[in-house]
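Residue numbers (full-length UniProt numbering): 1 to 107.
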C-alpha cells in the first residue's frame, strides 16, 4: 500500500477515489511507567515510555487505516495525516486518515 501526504503521485494515474479511510487507537501507559515519567519531569530528560506509547499508537492507527483502505478496494492513500489528542492523563488517541484511491502506472 502506497501512502503519501500529497494529493497526487508522480508517475501514477488516479483511476478511482474510494473515499475517506481512517484508523484510530487509544493507548494508555502502565501506571508504573507513569510514576517513572513523573520523576523524570522533576529532573528533565526524554520521556521514553510516552515516546514508545505514541510510536505504538501510530503503527496501530496506520495499520487500521490501511485495512480500511484495502476493504474499500484502494491500492494507495493520498493526503495522509496523523493527529493525536489526550483523552485523559497518561492516555492518548491517535488518528490516521487520508483518501483511498486506486492508482495505475502512467503509460
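Yeah, the Cβ is synthetic: ideal placement off N, Cα and C, and Gly gets one too.
Might you give, ordered along the chain, the residues of its own chain that have their beta carbon closer than 6 angstroms to the beta carbon of residue i, omitting 5 neighbours on each side?
| i | result |
| --- | --- |
| residue 66 | 1 |
| residue 85 | 93 |
| residue 25 | 57, 60, 61, 94 |
Report the rounded CA-to-CA distance for residue i versus residue j, giving the unit in angstroms.
| i | j | result |
| --- | --- | --- |
| residue 53 | residue 80 | 21 angstroms |
| residue 64 | residue 98 | 12 angstroms |
| residue 16 | residue 103 | 7 angstroms |
| residue 56 | residue 82 | 13 angstroms |
| residue 76 | residue 96 | 14 angstroms |
| residue 87 | residue 59 | 18 angstroms |
| residue 94 | residue 6 | 20 angstroms |
| residue 92 | residue 100 | 25 angstroms |
| residue 105 | residue 62 | 24 angstroms |
| residue 107 | residue 70 | 24 angstroms |
| residue 40 | residue 11 | For residue 40, the predicted structure reports a pLDDT of 48, less than 50, and the residue's modelled location is therefore unreliable. The matter cannot be settled from this model. |
Might you give, ordered along the chain, the residues of its own chain that have their beta carbon closer than 7 angstroms to the beta carbon of residue i, omitting 5 neighbours on each side?
| i | result |
| --- | --- |
| residue 68 | 21, 22, 23 |
| residue 31 | For residue 31, the pLDDT reaches just 49, beneath the cut-off of 50, and the residue's location in the model is therefore unreliable, although a value from the coordinates is still provided. Contacts found: none. |
| residue 73 | 18, 102 |
Quickly, what does DSSP pair residue i with across the bridge? List them, please.
| i | result |
| --- | --- |
| residue 87 | DSSP lists no partner for residue 87. |
| residue 96 | 23, 82 |
| residue 104 | 13 |
| residue 2 | 76 |
| residue 28 | 91 |
Spatial neighbours of residue i within its chain, please: C-beta separation below 8 angstroms, excluding the five flanking residues on both sides.
| i | result |
| --- | --- |
| residue 9 | 2, 76, 78, 103 |
| residue 13 | 103, 104, 105, 106 |
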